[in-house]
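Residue numbers (the working numbering): 80 to 316. Heads up, the beta-carbon is just placed ideally off N, CA and C, and yes, glycines get one too. All values reported here derive from a predicted model rather than from experimental measurement.
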Ligand SMILES: [Zn+2]
C-alpha cells in the first residue's frame with residue numbers, strides 16, 4: 080500500500096503544526112501506542128504531548144484507550160491510534176470547501192463588474208462603487224472598471240492545484256476504505272467461525288447430556304421394572 084505518511088503529516092500539521100511529523104511517525108501502521116513513547120519521540124513533556132494529542136482527538140484524527148497504570152501510582156496511561164480514514168476525510172472536506180470557494184470567486188469575477196482607483200489600491204464591487212458615485216473615497220479620482228482577467232487566471236491556477244490534490248486524496252481514501260473493508264470482512268468471518276464453533280461445542284455438550292439422561296432413564300426403568308417384578312404380589316392359587 081502507498082505510504083500515506085507525507086499526506087498525513089500535511090493534514091495533522093494543519094492542526095498542530097510541526098509536532099505532527101513526530102506524531103505520524105510514532106503512530107503510523109501501529110495501534111494503541113503508549114503516550115510516554117510518543118513524548119519521547121517528540122522530545123516533549125508528557126503534558127505537552129497530551130495537549131497535542133487531545134487537540135488531534137478533538138478533530139477525531141486520533142483515538143485513544145486508557146488503562147490504569149499501577150506503576151504510575153494508579154494514574155491513567157493513554158494509548159493512541161491514528162485514524163487514517165477520518166484524517167483523510169477531514170482533509171478532503173477542507174479541499175472541497177476550498178474548491179467551492181474558488182469556483183464561486185471565479186464565477187463572480189467572470190460575471191460581476193469591479194472597480195478600482197488608478198491612484199490608490201482600492202478594489203470595489205459594483206454596489207460599493209455605486210454607493211460612492213463611482214468616485215474614489217480616498218482621493219476623489221473617478222473609478223475605472225477593473226480588468227479581472229489576471230485575477231481569474233490566478234484563481235484558476237489555485238483551483239487546478241486544489242483539484243489535483245483532491246483527486247490524489249480521493250484515490251488514497253478509496254484505497255484506505257478498501258483496506259478497512261478487508262479488515263472488517265476478515266473480522267466478520269472470524270466472528271462467524273467463532274460463533275459456529277461455539278454452537279458446535281454447545282450441541283456436543285447437549286448431546287452428551289441427552290445421552291446421559293437417556294442412559295439414566297434406561298437404567299432407572301430397569302430398576303423400576305426390577306422392583307415391580309420383585310414386589311409383584313403373587314397370585315393366590
Ligand atoms: Zn483613489
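| residue 287 to residue 280, Cα distance in whole Å? | Spanning the alpha carbons of residue 287 and residue 280 requires a straight line of approximately 11 Å.
| field | Per-residue burial, residue 303 [other beta carbons within 10 Å of its own, 16 or more giving buried] | value | Result: exposed.
| said: According to DSSP, is residue 192 part of a helix, a strand, or is it coil? | reply: In this structure, DSSP gives residue 192 a state outside helix and strand, which the three-state scheme calls coil.
| query | Between the C-alpha atoms of residue 140 and residue 189, what's the straight-line distance to the nearest angstrom? | reply | One Cα belongs to residue 140, the other to residue 189, and the distance between them is close to 38 Å.
| query | Going by other Cβ atoms of all chains shown within 10 Å of its Cβ, with 16 needed for buried, is residue 166 buried or exposed? | reply | That one is buried.
| request: May I ask you to check if the CB of residue 126 is nearer than 6 Å to at least one heavy atom of ligand 1? | output: Residue 126: no, Cβ never under 6 Å from ligand 1.
| What's the gap between the Cα of residue 156 and the Cα of residue 113? | Their Cα atoms are separated by approximately 7 Å.
| task | Could you pull the start and end residues of the beta strand (DSSP E) that residue 148 belongs to? | result | Residue 148 -> beta strand (DSSP E) spans 141-148.
| Could you give the C-beta distance for residue 134 and residue 94, rounded to a whole number, given that I count them as a contact under 8 Å? | Confirmed, Cβ separation roughly 6 Å.
| message | Do residue 181 and residue 245 have their beta-carbon atoms positioned less than 7 Å apart in this structure? | response | The Cβ atoms of residue 245 and residue 181 lie no closer than 7 Å to each other.
| field | Check: residue 198 C-beta below 6 Å from any heavy atom of ligand 1 | value | A heavy atom of ligand 1 is found nearer than 6 Å to the CB of residue 198.
| Start-to-end residues for the alpha helix (DSSP H) that takes in residue 123 | If you look at residue 123, you'll find it isn't in any alpha helix (DSSP H); DSSP assigns it neither H nor E.
| message | So, at 8 Å on beta carbons, what are the nonlocal neighbours of residue 231 in its own chain, with the 5 sequence-adjacent residues on each side left out? | response | Within the same chain, Cβ atoms closer than 8 Å to the Cβ of residue 231 are found at 185, 188, 189, the five residues on either side in sequence being excluded.
| query | Would a C-beta distance cut-off of 7 Å place residue 160 and residue 110 closer than the cut-off? | reply | Result yes, Cβ atoms of residue 160 and residue 110 sit closer than 7 Å.
| said: Less than 7 Å between the C-beta atoms of residue 171 and residue 248, yes or no? | reply: Yes, these two residues count as a Cβ contact at 7 Å.
| Just curious, the alpha helix (DSSP H) that residue 156 is in, first and last residue? | For residue 156, no alpha helix (DSSP H) run applies; the uninterrupted beta strand (DSSP E) run containing it begins and ends at 154-161, by DSSP.
| What did DSSP end up calling residue 244 once you bin it into helix, strand or coil? | The DSSP-derived three-state label of residue 244 is helix.
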